[in-house]
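Under this note's numbering, the sequence shown is numbered contiguously, ending at residue 121. No residue lacks a Cβ here, since even glycine has one placed at the ideal position from N, Cα and C. This structure is a prediction, so every number in the text was calculated from the model and none was measured. These notes are about the structure you will find just below.
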Amino acid sequence: MQRKRDPTEEFGFNLHAEKNRGHFVGAVDKNGIGERAGLQMGQRIVGVNGQLIYPSTAHKEVVSLIKKNPLRTELLVASEEIDQWYTENHMEYSFGRVELYNFENGSSVSSF
10 MQRKRDPTEE
20 FGFNLHAEKN
30 RGHFVGAVDK
40 NGIGERAGLQ
50 MGQRIVGVNG
60 QLIYPSTAHK
70 EVVSLIKKNP
80 LRTELLVASE
90 EIDQWYTENH
100 MEYSFGRVEL
110 YNFENGSSVS
120 SF
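So this is what it looks like as structure tokens:
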């Protein structure tokens, strides 16, 4: 989860889309909210605020979901290796089983 103190503050990462591949985290701002939340360049964004994101999801829809709440957003992301495994095994992503990272105290918790 990424939280802003002010609606004008940025989340601190670039979003880019690749046709038929999906939506990905681009550059991540050093010391920005995204970096503190654990985002890494190249991760695939597979969910935003409880809604799954598919390779066919329109880029403007993903942007709209991220901007929906001006102070916080919850992203479900997958590394290239995890995304490849899910694809090869025909698995669907879920917000129900994730690893949460608390950037305020540096701990991670598995949620099932």
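Query, Result
"Cβ-Cβ distance between Gly-56 and Phe-104 below 7 Å", "yes"
"Stretch pair the region 31-40 + the region 49-63: three plus CB contacts closer than 8 Å", "yes"
"Under 7 Å between C-beta atoms of Ala-87 and Arg-53", "yes"
"Rounded straight-line distance, which links the Cα of Ala-67 to that of Pro-79", "20 Å"
"Whole-angstrom C-beta distance between Glu-101 and Gly-51, which should lie under 8 Å", "At roughly 21 Å, the Cβ-Cβ gap does not stay under 8 Å, so Gly-51 and Glu-101 are not in contact."
"DSSP-derived helix/strand/coil call for Ile-42", "helix"
"Residue range of the alpha helix (DSSP H) that includes Ile-91", "89-97"
"DSSP state of Leu-74 mapped onto helix, strand, coil", "helix"
"Cβ pair Phe-22, Gly-43 closer than 7 Å", "yes"
"Span of the beta strand (DSSP E), counted from its first residue to its last, around Ala-26", "22-27"
"Ser-65 versus Lys-39: straight-line alpha-carbon distance, rounded", "30 Å"
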